[in-house]
Each structure stands twice: as C-alpha cells, then as structure tokens.
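Heads up: the sequence shown begins at 466 in our numbering, then just goes up one per residue.
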Amino acid sequence: MPARLGDGFSIPAGNIGVAVLESLTPRAPVPAQLRQATAALKFLLKRGTPSSGIITAGDLAGGNLCLELSAHLLHPLEGAAPPAVLSEPLAGAAPTPPWVTFHEKGVASYKRNDALDWIPRAFYDQFAAQVRPGVTPVLRAHVEPLEAPQGW
C-alpha cells in the first residue's frame with residue numbers, strides 16, 4: 466500500500482527519502498562533506514537498499530555534493546573515505562542547480578545573468594572564498610566539476 470503524502474501524491478511502499486545535512490565550511494573544510502555523503506551511501510547499501518534504487522539530489526552546494534560523490538565513485542579521491550562499492554549504477558542524480566565553479570576566471574554567464582539570477586554572483590564569490598583555502602589541486606576536480614579533466 467502506498468504511503469500518502471498529500472493530495473494526489475504518493476510513494477510506493479518501500480521507498481524512502483534520506484536527507485544528509487552536511488557540515489558547513491569553514492568549520493568543516495572539504496572533503497568532510499564527501500566523507501559524510503560517502504558514509505550515508507554506504508549506510509543505505511549496508512541496510513540492503515540496492516544502488517539502482519538510490520538517487521542523489523541537492524541544490525547549490527548540495528548539488529555540488531551530488532556531483533562530488535559521483536566523481537568519487539568514478540575517480541576515488543585519495544585521502545577521503547574509500548568510495549562505496551556498487552553492484553550496479555545508482556538510479557540517478559538530481560543536482561538542481563549545482564555549484565560547478567568558483568568562477569575565478571569570470572564565467573561569462575555569471576556576469577551576464579547576475580541581475581537575473583535568484584542568487585547574486587557576490588554570494589557565490591563569498592562562499593567560494595570560504596571553500597577555496599581547503600581545495601588542493603587534486604581535490605579541485607572533485608569540488609569544481611568545470612575544472613575536471615577532459616574524459617572524466
């Protein structure tokens with residue numbers, strides 16, 4: 466029997482949503498959040514959830530963490546927790562909208578759309594200033610997807 470969540474919306478029995486509230490920088494420098502997301506994924510797998518039944522999702526920094534976790538599964542980050550071992554691919558990822566660059570180079574769309582975006586560029590600049598000090602060259606491709614090597 467499906468669980469009722471509201472008018473016209475239900476989830477088939479056996480499905481569940483899990484929220485991972487990651488620690489924030491600068492109190493918890495990167496890759497602390499990746500370690501937490503990896504632990505959450507391993508927990509779900511250990512409890513018998515098939516990887517094909519897991520969708521990662523998040524907005525802004527949470528969207529970035531979805532991409533970072535995917536990168537870690539495909540290209541393990543040395544010094545972070547070993548990635549989860551999947552028997553099959555995850556069902557998907559829904560980063561909405563993910564934070565993909567510190568835009569040090571001045572990404573044109575950030576400049577062009579600053580007055581239109583619901584979050585001003587200054588916010589991203591301030592957030593990047595808090596995250597950037599802990600980002601090593603090795604870590605950069607994981608936390609800044611636009612900087613990942615071609616072929617990832």
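By construction, the Cβ of each residue, glycine as well, lies at the ideal position given by its N, Cα and C atoms.
- Residue range R586 to V596 is occupied by the alpha helix (DSSP H) that includes A593, with no beta strand (DSSP E) assigned at that position.
- Closest by C-alpha distance to Q498, out of F508, R512 and A526, is A526.
- If the five residues before and after G599 are omitted, its C-beta is found closer than 6 angstroms to the C-beta atoms of P494 and V495, all from its own chain and listed in chain order.
- Cβ-Cβ distances below 6 angstroms link L506 to A549 in the same chain, with the five nearest sequence neighbours on each side left out; the list follows chain order.
- Spanning the alpha carbons of F588 and P562 requires a straight line of approximately 15 angstroms.
- By the neighbour-count definition (other C-beta atoms within 10 Å, threshold 16), V596 is a buried residue.
- Buried is the label assigned to G528, since at least 16 other Cβ atoms lie within 10 Å of its Cβ.
- Taking 8 angstroms as the cut-off, the Cβ atoms of L532 and P614 do not count as close.
- In the DSSP annotation of this structure, the continuous segment of the alpha helix (DSSP H) that includes L539 starts and ends at A526 to L539.
- Between the alpha carbons of L542 and D590 lies a gap of roughly 25 angstroms.
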